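In the working numbering, the protein residues as written are 637 to 1526. For every residue, glycine included, the Cβ atom is placed at its ideal position computed from N, Cα and C. Remember, it's a predicted structure, so these values are computed and weren't measured experimentally. For reference, the structure discussed in these notes is given below.
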């Protein structure tokens, strides 16, 4: 009985088996697979299903809503807030006396935590649902031949090795199969190889199959590929995870690698957390030692810890990313993973497949030349007549001829000719001919085929003469000597170098009395008329898209399974500089170190396999680049998953869409330009919050430490700190709706913990200068220097602290002069103004008693205005110096 190793890794036995099937005749293939031309019996199928399992690949299932919700909670700041909430619950509620129980701190922290988590969950849950809706198979069943039954459609999951499958145009190949019989069979393997043109397949034995790349075996068709034209009877060799497709899919179930966003946000998070963990105990010890009330000092330290924790960071990040996702959805982009939006903004290298991204993914007739290399409509006419009159399934090349823009001028040509006979295409001849009756009663054979085969049959050539245009009746027919043949071959090679697939057109006239049963023997003594060249041309939008990405500081590299000649031509057409091209076989000979060293030299990687694509992405990431990869095939899935931002399209292979972070509903690089801008705007708004919070907290610590050491009372009560912090957080919740200066969007943006450190050190202490000025004013001018007057002191600092932190938002949000050269958006202006107004009036409302505040004397406000004005002016001056010294602001 046929046996299969349970090994889940890339199975060399399966590969050997596939190549063995390719190298044997039909009888031996049946024997090897223990089957027959009548197929398998149902009992045998049941037995083999137990051995091989279902014919399905390993895929990543979408996580349950519960797992998605848990994932939305998992980040360092949420952990800290959760811990602080628990501590607050223990101290303020559980262990507090009945008359001192206070839920306010616990509630405030819990609301912040829940809001951030729920917002992120809702957006990612919706995106995943939209992505799941896009998953669909082209066809889920296939026509199968089994013993003792009629041919019937079987679910592809029920196919086993040894099954006989009947394929026709439009079918998806359900497994890795050996072709037994075929007729005009063309299969598109672009999903595996990236090559746009379908490949010819046939049942011929390949004696040296064991030495060949499996994808080059012409008698093997692979799972996931599609039949473009023709028909075939095939026998299944490998199924499920043991297919070529399956071997790729197994790599997709592993954990995703960390992206630039993950690494960057973790560095910044732990920087801020370390700062909080160091400063909070210091303040606790100073207050406990100076005041002697350790419980009060602990409550104060908890409030300070909340104040120092950028608890809004998860929410701000999520809100920014969610807003970006909503905006991008309007541009026909589905964002599956929110973090990908920032990664797209940080992306400095985009690696892309060629087919369908840079090209139309559509074969067109590019050239129709006579033997002198001059464009000639007569050649187009004969090509059109050949394609129009053939009765077999018209392949992509015939369709390209018939769809050519100039053909409508020739539509009357078919009325002037009556079809007499046809000699169909076959793989051995690599040509086809039609025989037409002209208006003068003669028979005209028009042949079309591969260059080498056609040249061997041509004895003459049409010389266009001085007018360079063909006229069958008037032009000279000259012998096709070796010199002219060499010229024809050179012109053909030149067209090949331009990425074109070339066919020759030749004609022969027969007397009208010729017998009507034309045969292959009549395809000789042909007269060569010219060339037709086909190409998957560059998209009109590709070149402006490449230029737009270049202006945004994004370098585009092409990684394709197609050949280097076609890749070079397309890159030239779309404006990608081709410095050095490296091929897949060369990649295997180069170490990671050497490849990394020379990576900047390569703009095109051609004839590469899926694992090589993944390796290229890994090396680029290791060099510090933030890498995007765009592809839609099975062969792209590993690279999509490895990239910082993986991009696929809705028409791509299911496995590619599962691996992607972003799915485009239009396969257009110009959509990515919008994504890059949204990503940078999103990052800019996130980094605004972080730098505002980090610098503000750093300055507050200097103020807290000094006040704790010098004052006989707490500089601010815990509840006042939490209220101030909550109001400040509300003012910053409008940041996702802010804009960024245009010059900020011009280059990739990355997380830099070092930049935040510098910002904290240079900008943070500025607020302390004016905090101490406020202390002095309250202490000496308003005499709030005793325990009895602490409420006045605390109220004065509460108002000054809230207003200065809120006002500074407008200075930090831009490198320009606020309110003069750059205005925040209306939501930011409105919300910050509202919070400042609330801060001023709180001491005069009933809430003051609850917060243990008191009304401020009106004489306080001129001092406040002077402090705030001085703070803004000094910060603006330091900002100018900072930009000059370090070359950046945000």
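Asked	Found
Candidates 1167, 870, 1318, 1152, of which the one nearest residue 1001 by Cα	1167
Of the listed residues 1040, 1011, 1012, 1087, nearest to residue 1024 (C-alpha basis)	1040
Pairwise C-alpha distance: residue 1450 and residue 1379	11 angstroms
Beta-carbon proximity of residue 977 to residue 960, cut-off 8 angstroms	yes
Beta carbon of residue 863 nearer than 8 angstroms to that of residue 806	yes
At least three beta-carbon pairs within less than 8 angstroms, the stretch 1054-1064 to the stretch 1147-1165	yes
For residue 1404 and residue 934, the rounded distance between their alpha carbons	23 angstroms
Among 1415, 1199, 842, 1282, nearest to residue 660 - alpha-carbon criterion	842
Own chain residues within Cβ distance below 7 angstroms of residue 924, not counting five before or after	930, 933
Residue 975 versus residue 898: straight-line alpha-carbon distance, rounded	8 angstroms
Beta carbon of residue 1463 nearer than 8 angstroms to that of residue 1525	no
Between the CA atoms of residue 1389 and residue 1508 - distance to the nearest angstrom	25 angstroms
In DSSP terms, what residue 690 is bridged to	None, per the DSSP bridge assignment.
Secondary structure of residue 774, DSSP reduced to three states	Because the pLDDT at residue 774 is just 35, under 50, the model does not fix this residue reliably, and the value given afterwards should be weighed accordingly. Looking at residue 774 - three-state DSSP - the assignment turns out to be coil, as it is neither helix nor strand.
Alpha-carbon spacing of residue 824 relative to residue 834, whole angstroms	4 angstroms
Test item: CB-CB of residue 797 and residue 688 under 8 angstroms	yes
Local conformation of residue 732 per DSSP, three classes	coil
CB contact flag (residue 1491, residue 1482, <8 angstroms)	no
Where residue 1463 falls: helix, strand or coil (DSSP)	helix
Cβ neighbour criterion (16 or more within 10 Å) applied to residue 989	buried
Test item: CB-CB of residue 1468 and residue 1442 under 8 angstroms	yes
Euclidean distance between Cα positions of residue 770 and residue 1228	Residue placement at residue 770 is flagged as unreliable, the pLDDT there being 44, under the threshold of 50; the coordinate-derived value follows with that caveat. Those two C-alpha atoms are separated by around 37 angstroms.
Residue 1340 in three-state terms, based on DSSP	helix
Closest residue to residue 845 among 658, 860, 1320 (Cα-Cα distance)	658
DSSP bridge partner residues for residue 1005 (one or two, in chain order)	1011, 1167
Nearest candidate by alpha-carbon position, reference residue 802, set 667, 894, 820, 781	781
Best match in 1307, 1149, 724 for proximity to residue 1079 [C-alpha to C-alpha]	1149
contact_flag[the stretch 1172-1179, the stretch 1293-1308] where n(CB pairs < 8 angstroms) is 3 or more	yes
Residue 1006 versus residue 1164: straight-line alpha-carbon distance, rounded	9 angstroms
Buried or exposed by the 16-neighbour rule on C-beta atoms within 10 Å, applied to residue 1486	exposed
CA-to-CA distance, residue 999 to residue 1020, given in whole angstroms	15 angstroms
Enclosing beta strand (DSSP E) for residue 1097 [first to last residue]	1094-1099
Nearest to residue 1393 (by Cα), restricted to the options 903, 733, 866, 822	903
Distance between beta carbons of residue 1349 and residue 1445, contact taken as under 8 angstroms	30 angstroms between Cβ atoms; not a contact.
Pairwise C-alpha distance: residue 663 and residue 973	51 angstroms
Any alpha helix (DSSP H) of 4 or more consecutive residues that is wholly inside the stretch 834-899	880-885
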